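J.:
There are 2 protein chains.
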Amino acid sequence: MIIKNEHEDISESVNVVREYPPHPHIIRRKSTRAFSEKPVEPEKLRSILEAARWAPSSSNMQPWRFIVATKEQPENYERLLGLVVEQNKIWAAKAPVLILTAAKLTHDAGERPNKFALHDVGLASANMTFQATSLGLAVHQMGGFNAEEARTVLNIPKDFEPVAMIALGYGDTADFLPQYLRERELAPRARKNLSELAFDGVWENPWSLAQDRTINIKTITTNN
Amino acid sequence: MIIKNEHEDISESVNVVREYPPHPHIIRRKSTRAFSEKPVEPEKLRSILEAARWAPSSSNMQPWRFIVATKEQPENYERLLGLVVEQNKIWAAKAPVLILTAAKLTHDAGERPNKFALHDVGLASANMTFQATSLGLAVHQMGGFNAEEARTVLNIPKDFEPVAMIALGYGDTADFLPQYLRERELAPRARKNLSELAFDGVWENPWSLAQDRTINIKTITTNN
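So the sequence lines, in the order shown, correspond to chains A and B. Using the working numbering, read the first sequence as starting at 7 and increasing by one per residue. Using the working numbering, read the second sequence as starting at 7 and increasing by one per residue.
1) Determine, for B:Val127, whether the minimum Cβ-Cβ distance to residues of chain A falls below 8 Å.
2) Given that a residue counts as buried once 16 or more other Cβ atoms are within 10 Å of its Cβ, and exposed if not, what is B:Ala101?
3) Would you call the region 51-60 of chain B and the region 196-206 of chain A in contact, with 3 or more CB pairs under 8 Å?
4) What ranges does the beta strand (DSSP E) occupy inside the region 106-132 of chain B, keeping only unbroken runs of at least 3 residues that lie completely in it?
5) What separation, rounded to the nearest whole angstrom, lies between the Cα atoms of B:Ile172 and A:Pro27?
6) Take every Cβ of the region 130-150 of chain A, pair it with every Cβ of the region 144-156 of chain B, and state whether three or more of those distances are shorter than 8 Å.
7) Between which two residues does the alpha helix (DSSP H) holding A:Leu87 run?
8) Quick check: what's the CA-CA separation for A:Phe41 versus A:His146?
9) Let me see if you follow: with CB-CB separation under 8 Å, is A:Arg118 close to chain B or not?
10) Looking only at its chain, what residues have a beta carbon closer than 7 Å to the beta carbon of A:Arg157, apart from the 5 residues adjacent to it on each side?
11) Starting from B:Phe205, find everything on chain A with Cβ-Cβ shorter than 8 Å and list it in chain order.
12) Pull up the distance between the alpha-carbon of B:Lys36 and that of A:Ser63, whole angstroms please.
13) Which of the three DSSP states, helix, strand or coil, is assigned to B:Glu18?
14) Compare the beta carbon distance of A:Tyr241 and A:Leu143 with 8 Å and say whether it is the shorter of the two.
15) Could you tell me how far apart the beta carbons of A:Val127 and A:Pro69 are, in whole angstroms, since I believe they sit closer than 8 Å?
16) Quick one: what does DSSP say B:Met67 is sitting in, helix, strand or coil?
17) So A:Val90 and A:Leu174 are supposed to be a Cβ contact under 8 Å. How far apart are they, rounded?
18) In whole angstroms, what separates the C-alpha of A:Asp181 from that of A:Glu191?
Below is the structure:
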């Protein structure tokens with residue numbers, strides 16, 4: 007029944023953005039749990055970090071930092087993986103690259119707090135994700151890691167905050183995942199309707215362009 | 007002299023990412039101050055918000071909200087513009103669309119804080135920016151607006167936080183800007199070196215792939 011409704015949605019909804027659909031690298035992006043063990047080429051990894059570097063930030067403070075570990079450096083990799091919660095390790099341990107993002111909480115000059123620090127790390131991480139997707143790679147960001155332990159184990163100074171652990175690699179078939187993760191991996195992606203998210207001029211005044219029949223992700227992508 | 011050094015940098019640095027340069031929509035993106043008054047097509051605007059909608063978020067909470075105003079709705083537009091600091095109004099007032107982003111600070115169920123709220127709004131705003139760039143539009147995010155007044159004037163509830171004001175529109179020549187803004191508009195974009203931003207395995211252990219001669223934005227883009 008759910009599936010039937012979904013397909014009904016598709017036929018009606020795709021019109022809405024047919025003319026200018028969201029970019030394929032946005033629509034195809036998925037927080038996969040099905041990583042291949044294939045290593046990430048250093049040039050691609052470099053390019054992904056370079057993309058992060060060119061994100062915008064408040065007063066161009068660039069509050070983002072990245073601790074990178076690949077399986078070619080087992081000690082570094084195991085140190086980052088050791089911070090990940092057990093239920094995420096099941097799939098994250100296959101990813102060939104782990105990256106911890108951190109935010110500088112203060113202005114470069116003085117101790118004044120930068121209230122955009124986490125927001126701007128988000129901007130940079132989205133750039134990384136976009137670049138990775140454009141190179142055929144997949145990214146899965148996790149809040150599920152021990153941030154306090156990260157601070158100690160990785161020597162993160164007090165004016166920085168560990169933000170997210172990113173698993174990066176090529177995608178693989180979901181066949182190797184345990185049943186309960188395979189189901190999640192293959193489930194359609196879901197989002198709130200735009201009418202819940204966007205408003206005309208003031209709060210909760212429904213956005214005139216946000217019709218409820220918004221695009222269904224199934225219409226323009228495959229499962230990966 | 008600065009220009010000379012810059013050009014020296016170019017010839018040496020472009021090798022580093024020649025094979026996989028950052029995506030043009032990341033490199034060409036710029037927080038322009040030179041907006042055209044040309045309206046943004048509703049289909050494009052819809053597509054930009056749709057791109058935000060498909061960003062990833064912690065536990066898929068989608069903490070992002072958007073208050074949108076175009077010049078076709080002058081009362082809404084003036085209300086948002088009225089929140090912008092004077093020095094930004096000079097250029098922002100030409101942009102045909104303003105969007106205020108807001109973050110839901112708590113989990114959907116209960117009052118528990120969502121510590122990723124601002125970060126995830128950043129992810130969504132980067133998706134918007136990327137989509138806008140892919141459609142030939144420019145985005146300029148601002149912290150320079152009165153957040154407390156925004157809360158009152160726009161009826162933003164206490165569990166949400168106004169985050170950033172976004173000016174959106176087509177780019178224009180910098181000729182119409184006052185001299186001091188034109189200079190900023192035409193200045194090369196600058197970023198920290200990757201060696202300051204990325205580390206191998208632990209804090210401040212220089213990333214093996216982050217050579218100091220990183221890509222210079224001038225090499226693969228024009229001034230817009």
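Backbone N, C-alpha and C define an ideal beta-carbon position, used for all residues, glycine too. If you're wondering where the values come from, they're calculated on a predicted model, not measured in any experiment.
T.: Let's see:
1) yes
2) buried
3) yes
4) none
5) 21 Å
6) no
7) 80-87
8) 10 Å
9) no
10) Pro168
11) Arg71, Phe72, Ile73, Val74
12) 11 Å
13) Residue confidence is low: B:Glu18 scores 32 on pLDDT, short of 50, so the model does not pin down where it sits. No coordinate-derived value is stated.
14) The structure shown does not extend to residue 241 of chain A, since chain A spans only 7 to 230, so no value can be given for it.
15) 6 Å
16) coil
17) Rounded, the Cβ-Cβ distance is 13 Å, inconsistent with contact.
18) 10 Å
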